[in-house]
Amino acid sequence: MCVDAHLPVPSGLTRRGVLAGAAALAGTVAAAGAAGAAPSAASAPASAGAGAGGAHARSGDLVIRGGTLLDPATGHVTEDAVVVIRNGVVGAAGRAGSVRVPDGLPVLEADGRWVLPGLTDAHIHLSTTAEALAALRCGVTSARSGSTSFYQDIAVRELARHSPALAPRLRAAGVFVTPLPGDSVLADPDLTPLARAKDGVRSAEALRRMVDVNAARGADVIKTRVNERAGLPDQDPLTQVYSREQLAEIVAAARRHGKGVLCHSYSERGCHDAVTAGVRSLEHGVFVGERTLREMRRRDTYFTPTLTAIAGLAESTDPVLAERGCTFLPVLKRAVRAAYELGVPLAAGTDSSGGTVDPVGREVELMHAAGLPALDALRTATTGAARLLGLGRTAGRLAPGYAGDALLLAGDPLADLSLLKSPVRVVRAGIPV
Numbered sequence: 050m051c052v053d054a055h056l057p058v059p060s061g062l063t064r065r066g067v068l069a070g071a072a073a074l075a076g077t078v079a080a081a082g083a084a085g086a087a088p089s090a091a092s093a094p095a096s097a098g099a100g101a102g103g104a105h106a107r108s109g110d111l112v113i114r115g116g117t118l119l120d121p122a123t124g125h126v127t128e129d130a131v132v133v134i135r136n137g138v139v140g141a142a143g144r145a146g147s148v149r150v151p152d153g154l155p156v157l158e159a160d161g162r163w164v165l166p167g168l169t170d171a172h173i174h175l176s177t178t179a180e181a182l183a184a185l186r187c188g189v190t191s192a193r194s195g196s197t198s199f200y201q202d203i204a205v206r207e208l209a210r211h212s213p214a215l216a217p218r219l220r221a222a223g224v225f226v227t228p229l230p231g232d233s234v235l236a237d238p239d240l241t242p243l244a245r246a247k248d249g250v251r252s253a254e255a256l257r258r259m260v261d262v263n264a265a266r267g268a269d270v271i272k273t274r275v276n277e278r279a280g281l282p283d284q285d286p287l288t289q290v291y292s293r294e295q296l297a298e299i300v301a302a303a304r305r306h307g308k309g310v311l312c313h314s315y316s317e318r319g320c321h322d323a324v325t326a327g328v329r330s331l332e333h334g335v336f337v338g339e340r341t342l343r344e345m346r347r348r349d350t351y352f353t354p355t356l357t358a359i360a361g362l363a364e365s366t367d368p369v370l371a372e373r374g375c376t377f378l379p380v381l382k383r384a385v386r387a388a389y390e391l392g393v394p395l396a397a398g399t400d401s402s403g404g405t406v407d408p409v410g411r412e413v414e415l416m417h418a419a420g421l422p423a424l425d426a427l428r429t430a431t432t433g434a435a436r437l438l439g440l441g442r443t444a445g446r447l448a449p450g451y452a453g454d455a456l457l458l459a460g461d462p463l464a465d466l467s468l469l470k471s472p473v474r475v476v477r478a479g480i481p482v
């Protein structure tokens, strides 16, 4: 893949969480020390003015002036717009002359550019500082983790809180709740007893333990699966690994901690079992059927199809994966179109992992190719995805009270969605990145 204002470390962060963060992201402190103070005046672009660095940049104060502002929530376009960001939060936005601009704030000139809120990737695996920064530079200012092996995503979340110019704000998922977690049982001493389970993590007690440890580590959401993986040639993604009853156990355990569940899925039966078990969002969902989509609409269950990941399979050099991707992609596009027509909420997610960060703008393009109008496709990475993450009043718009996260684009994204893949400039919490 090409805001919070500066928040303190949460008071509820435990010693375990601190140790997890320190161990998970070696080099985070060094990176934050080098870059966490925000770009200096010398490194800030000329368009931002000399004042873009220093104290104002560290506090997230910025004026974006002169661009064409698009509000994804309404589709309204404001020419010659001004956005005033104070302490990382939008204080005012509107047409020049209608917005009071405080004296002395650094200015980012946006003449000839379109100005949008930062994008949200609702399914991404961020395990390193480099991946977090790469996602941010591609315009992802908010994200939801699809899990990590050793709680690296929790450390990325904390990095984003104290150094927003280094990472998107993140909803962390912690360790994957899966039948065979492998070395992830070493991520926490309380998980190691699961290594003795002859049948893997399948019993009600084992499932509850994984959820409880994730919650204790500070995970915001819980990630599980109902089917095997599509990205491994020796696995059959239509094979079901958890029953509806097991999924319901995971959902119930997550709810006791006030958390929702995202579920990796492919087969229609698996999708239906996951939805009726109460998951918050269905991930991938290639063969999801109409009865399940109708149930999703009734329950307000989100669909995160990760079209980018499936399209990536079609480009694989592995013949099994390439055939799988070529077969799955048109099926998934039809499912996305059916979901949209039925009113199922959709969220954009790339499923980026392993050091490769795909632009969520490509996911928006693929949503459009599946049949969504351009504005509704854009909403899957702005207002829609923000709502899924519980950030409906924080991200997805540049309006008073929302995060000061913005993209500057070279043209009108509704006329050319490919512009989302290469933003001219990214602003995170009022800090030009």
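With this note's numbering applied, the sequence shown corresponds to residues 50 to 482, in that order.
The beta-carbon is built from N, C-alpha and C at its ideal position, and this holds for glycine as well.
Because the structure is a prediction, the values reported are computed rather than measured.
Shown here, F336 sits in coil according to DSSP, grouped into three states, outside any helix or strand. In this structure, V300 and V262 do not form a Cβ contact; the two beta carbons are roughly 17 Å apart against a cut-off of 8 Å. Your pair V131 and R114 checks out as a contact, with CB atoms roughly 5 Å apart and the cut at 8 Å. Taking each of R220, A159, S147, G146 in turn and checking the Cα distance to A181, the smallest one comes out for R220. Within 10 angstroms of the beta-carbon of D454 lie 16 or more other beta-carbons, which makes it buried. DSSP places Q289 in the strand class (E or B) of the three-state scheme.
Counting C-beta pairs with one atom in each stretch, the region 194 to 205 and the region 147 to 166 have fewer than three that are closer than 8 Å, which means they do not touch. Going by beta carbons, S194 and A222 fall inside the 7 Å limit. Cβ contact annotation for G392 (same chain, cutoff 6 Å, sequence separation greater than five): R346, in chain order. Annotated as proximal: V385 and P354, with beta-carbon spacing under 7 Å. With a cutoff of 7 Å on beta-carbon distance, A434 and A396 are scored as near each other. In the three-state reduction of the DSSP assignment, H417 falls in the helix class.
Sixteen is the threshold: since fewer than 16 other Cβ atoms of the shown chains lie within 10 Å of the Cβ of S471, the residue is exposed. Between V270 and K308, the CB-CB gap stays under 7 Å. With contacts defined as CB atoms closer than 7 Å, I359 and F336 fail to qualify as a contacting pair. Check the Cα spacing between G231 and each of E254, G161, R162, S198: the tightest is with S198.
Between the beta-carbon of G280 and that of L208 there is about 27 Å, and that puts the pair past the 8 Å contact cut. With respect to G188, V475 sits close: the two C-beta atoms are nearer than 7 Å.
Pairing L356 with S316 gives a Cβ-Cβ distance that is not under 7 Å. Judged by DSSP in its simplified three-state form, P242 adopts helix. DSSP lists V131 as the bridge partner or partners of G143. A236 counts as buried, since no fewer than 16 other beta carbons sit within 10 angstroms of its beta carbon. Taking each of E364, V133, P217 in turn and checking the Cα distance to D110, the smallest one comes out for V133. Assignment of C312 by DSSP, reduced to helix, strand and coil, places it in the strand class.
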